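**Student:** The structure's right below; bear with me while I get my questions together.
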Amino acid sequence: MSKKIIRTKNINITTSIPAPGTYELMKKLSKFESRSMHGQLPIAWSKAKNFNIYDIAGNKFIDFTSTIFVTNTGHANSRVKKYINRALSSDLLHSYAYINKIRAEYIQKLIKFSGKGFEKAFLMSAGTEATEAAFKLMRMYGQKRKKRKLGIICFDGNWHGRTMAAQMMSGNKKQKEWIGYQDKNIHHIPFPYPWLVKKGDEEKFLMKSINDLKKKVNLKKDICGVMIETFQGWGALFYPKAYIKLLAKICKQSDILISFDEMQAGFARTGKNFGFQHYEIIPDLVCCGKGMGGGVALSGVIGKKKIMDLPEVGNMSSTNSANPIACNAGLAVLEEIEKKKLVKKANINGKLMHQNLRDICLDYNNLIKVYGKGLIAALIFNKRHKNINKKLKKLVELCIKDGLLIVYTGRESVKLGPPLSITRNAINEACQIIKKNINILFANDKN
Ligand SMILES: Cc1ncc(COP(=O)(O)O)c(C=O)c1O
144 MSKKIIRTKN
154 INITTSIPAP
164 GTYELMKKLS
174 KFESRSMHGQ
184 LPIAWSKAKN
194 FNIYDIAGNK
204 FIDFTSTIFV
214 TNTGHANSRV
224 KKYINRALSS
234 DLLHSYAYIN
244 KIRAEYIQKL
254 IKFSGKGFEK
264 AFLMSAGTEA
274 TEAAFKLMRM
284 YGQKRKKRKL
294 GIICFDGNWH
304 GRTMAAQMMS
314 GNKKQKEWIG
324 YQDKNIHHIP
334 FPYPWLVKKG
344 DEEKFLMKSI
354 NDLKKKVNLK
364 KDICGVMIET
374 FQGWGALFYP
384 KAYIKLLAKI
394 CKQSDILISF
404 DEMQAGFART
414 GKNFGFQHYE
424 IIPDLVCCGK
434 GMGGGVALSG
444 VIGKKKIMDL
454 PEVGNMSSTN
464 SANPIACNAG
474 LAVLEEIEKK
484 KLVKKANING
494 KLMHQNLRDI
504 CLDYNNLIKV
514 YGKGLIAALI
524 FNKRHKNINK
534 KLKKLVELCI
544 KDGLLIVYTG
554 RESVKLGPPL
564 SITRNAINEA
574 CQIIKKNINI
584 LFANDKN
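Numbering of the sequence shown is given in our numbering, commencing with residue 144 and proceeding in unit increments.
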């Protein structure tokens, strides 16, 4: 394989890519590990610091993935490491549900961070556990009112995790085939894709979905909750504000709870503490994970006391809930967001990233559109373009060879979400790499 040397302020590539030894490691791992873990491109990580990833040969890349929108505060963040070390040196690695001081300190700070309308939280480890917990809470809430008030409204194309209720609520039909049936009380309505809904028609679009649903159910008697991804993941597609405001109004009128899945949107990523704040509504429940633990497994549901206290003692708890290491990491993340002004940074540097990406799109009017807010973006390509998924895989591979990691979605998009600690210089450099490789692969599609 040919070797291309690249040395810049942010990138250092000195071997062929994938680095020597990568395929051997892949082979070794895939012998003993489920193949479901092996969908990523061949880059073997040895360390990651701030916005850089280093592979096993010491090649240094710019990370535009934050692993998968996890390391908002930067890889191996010093404060996160310091607080984890504090847990290690205090010899308190686990206390099950027995109380401890760090848990009390963290949960109180988390509630404050969540803002008006949030009173209690419940912590877990995985994001999918958080959406499951919200699903359970919404159903408990509904059934307290009427036995038949079980229905959950979800959205086509949204995604909420890999456990059973999470997959049932997700829009991906193929991924949930294993369940063997669909819960008839989970109702999917169309997502207001920008290419489907004309400006000014957002409320009309929602009303049509609601009226169609009303042919099957009575909102007040049959529906207990809505599960909504703050933006649709693969395309960083936000809802129109008017759509969400009307949805919140309808829910209020029919005593329906709204849960926002903030897995990717939370913890400053979009230029707000939580992404739902862009819509100027307050949800009943917020599901979070990913950026919450800064790289440590931590997830949670946050909500109003009257909902969070519905389960009996022991009915919503888990062996590893509120683990002291995770609480220390979570606390460090919140302090880091505050001290380093990461919300403001995501806003300002997000504008720079989006400007760069819009500049790329200018040359490809009919092929590429950019979506997202703050430091999350997706370039969505025209899906009618021949072999688009294959070409985008190639785009990601070319970027890796140039020292940049971006998210391969497996669809007609690539996703970009660097750690919020990234510099402006690295954002510009990364966007130039994306531009260069789009120009190589899509030369014939230029305006
Ligand atoms: C929007 C959304 N919800 C839920 C999840 C599930 O989180 P986890 O993989 O931690 O279970 C993800 C993970 O990608 C996600 O993006």
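Positions of the beta carbon are idealized from the N, C-alpha and C atoms, including for glycine. Since the model is a prediction, treat every value here as computed from it, not as a measurement.
Using beta-carbon positions only, say whether ALA465 and ASN215 come within less than 8 Å of one another.
**Tutor:** The answer is no: Cβ separation not under 8 Å.
**Student:** CB THR165 to CB ILE196, shorter than 8 Å?
**Tutor:** No, these two residues do not count as a Cβ contact at 8 Å.
**Student:** Could you spell out the range, first to last residue, of the beta strand (DSSP E) harbouring ALA191?
**Tutor:** Where ALA191 is concerned, the enclosing beta strand (DSSP E) stretches over 188 to 192.
**Student:** In three-state terms, what does DSSP make of ARG305?
**Tutor:** Reduced to three states, the DSSP call for ARG305 is coil.
**Student:** May I ask whether a heavy atom of ligand 1 can be found less than 7 Å away from the beta carbon of THR274?
**Tutor:** For ligand 1, at least one heavy atom lies less than 7 Å from the Cβ of THR274.
**Student:** Going by Cα to Cα distance, which pick from LYS224, LEU390, GLU345, ILE519 is closest to ALA379?
**Tutor:** Comparing Cα-Cα distances from ALA379 to each of LYS224, LEU390, GLU345, ILE519, the minimum goes to ILE519.
**Student:** Under 8 Å between the Cβ atoms of PHE607 and ILE154?
**Tutor:** With the chain represented from 144 up to 590, any question about residue 607 goes unanswered, as that position is not in the structure.
**Student:** In this structure, what does DSSP give as the bridge partners for ILE329?
**Tutor:** Answer by DSSP bridge pairing, in chain order: ILE295.
**Student:** Am I right that PRO467 and LEU253 are in contact with their C-beta atoms under 8 Å? What's the rounded C-beta distance?
**Tutor:** The Cβ separation is near 15 Å, so there is no contact.
**Student:** With LEU168 and ALA187 assumed to form a contact (beta carbons below 8 Å), what rounded beta-carbon distance in angstroms separates them?
**Tutor:** About 5 Å; that satisfies the 8 Å criterion.
**Student:** Just grab the DSSP bridge partners of GLY443 for me.
**Tutor:** Partner(s): LEU266, CYS431.
**Student:** One question on the structure: do LYS364 and LYS292 come within less than 8 Å of each other, judged by their Cβ atoms?
**Tutor:** Against a cut-off of 8 Å, the Cβ pair of LYS292 and LYS364 comes out as a contact.
**Student:** Please list, in chain order, all residues of the same chain as ALA219 whose beta carbon is under 8 Å from its beta carbon, the five residues on each side excluded.
**Tutor:** LYS190, ALA191, LYS192, ASN193, GLY438, listed in sequence order.
**Student:** Excluding five sequence neighbours on each side, which residues of the same chain lie with their C-beta closer than 6 Å to the C-beta of PRO372?
**Tutor:** Here the sequence assigns Glu to residue 372, which means Pro is not the residue at that position. So the list reads ASN301, ASP404, once near-sequence residues are dropped.
**Student:** Helix, strand or coil for HIS497, going by three-state DSSP, please let me know.
**Tutor:** HIS497 falls in the helix class under three-state DSSP.
**Student:** Under the DSSP definition of a beta bridge, which residues are partnered with PHE403?
**Tutor:** Bridge partners of PHE403: ILE371, VAL429.
**Student:** Take PHE419 and list the residues in its own chain whose beta-carbon comes closer than 6 Å to its own, dropping the five residues that flank it on each side.
**Tutor:** Excluding positions up to five away in sequence, the list reads THR373, PHE403, PRO426.
**Student:** As a quick exercise: from GLU275, LYS289, THR157, pick the residue whose alpha carbon is nearest that of GLY201.
**Tutor:** For GLY201, the nearest C-alpha among the options comes from THR157.
**Student:** Roughly how many whole angstroms lie between the Cα atoms of PHE298 and HIS330?
**Tutor:** Cα to Cα, the separation comes out at about 8 Å.
**Student:** Any heavy atom of ligand 1 inside 7 Å of the beta-carbon of ALA269?
**Tutor:** ALA269: yes, Cβ under 7 Å from ligand 1.
**Student:** Across the stretch 480 to 500 and the stretch 560 to 578, are there enough close Cβ pairs to call them in contact, namely three or more that are closer than 8 Å?
**Tutor:** Verdict: yes, contact present.
**Student:** What residues in its chain sit with their C-beta under 8 Å from that of ASP452, if we drop five residues either side in the sequence?
**Tutor:** The answer, listed in chain order, is LYS263.
**Student:** For ILE399 and ILE366, which I take to be in contact (beta-carbon distance under 8 Å), what is that distance rounded to the nearest angstrom?
**Tutor:** Yes, ILE399 and ILE366 are in contact; Cβ-Cβ is about 5 Å, under 8 Å.
**Student:** Just to check, is the beta-carbon of ILE322 closer than 7 Å to a non-hydrogen atom of ligand 1?
**Tutor:** No, the beta carbon of ILE322 sits no closer than 7 Å to any heavy atom of ligand 1.
**Student:** As a quick exercise: from VAL369, ASN471, ALA162, ALA408, pick the residue whose alpha carbon is nearest that of GLN375.
**Tutor:** The candidate whose alpha carbon is nearest that of GLN375 is ALA408.
**Student:** Using 8 Å as the cut-off, can you tell me whether the stretch 170 to 181 makes contact with the stretch 516 to 535, which would need three or more C-beta pairs spanning the two stretches below that distance?
**Tutor:** Judged by Cβ distances under 8 Å, the stretch 170 to 181 makes no contact with the stretch 516 to 535, as fewer than three pairs qualify.
**Student:** Could you tell me the boundaries of the beta strand (DSSP E) in which LYS512 lies?
**Tutor:** Per DSSP, LYS512 belongs to the beta strand (DSSP E) from 511 to 516.
**Student:** For HIS218, which three-state DSSP category applies?
**Tutor:** Of the three classes helix, strand and coil, the one that applies to HIS218 here is strand, per DSSP.
**Student:** For LYS488, which residues of its own chain have a beta-carbon under 6 Å away from its beta-carbon, when the five flanking residues on both sides are left out?
**Tutor:** LEU563, listed in sequence order.
**Student:** Do MET267 and SER442 have their CB atoms nearer than 8 Å?
**Tutor:** Yes; because the gap between Cβ atoms is below 8 Å, this pair is in contact.
**Student:** What first and last residue would you give for the beta strand (DSSP E) that runs through ASP206?
**Tutor:** Segment 203 to 206, the beta strand (DSSP E) holding ASP206.
**Student:** Report the option in VAL369, ILE576, GLY457, ILE332 whose CA atom is closest to the CA atom of SER352.
**Tutor:** With distances taken between Cα atoms, SER352 lies closest to ILE332.
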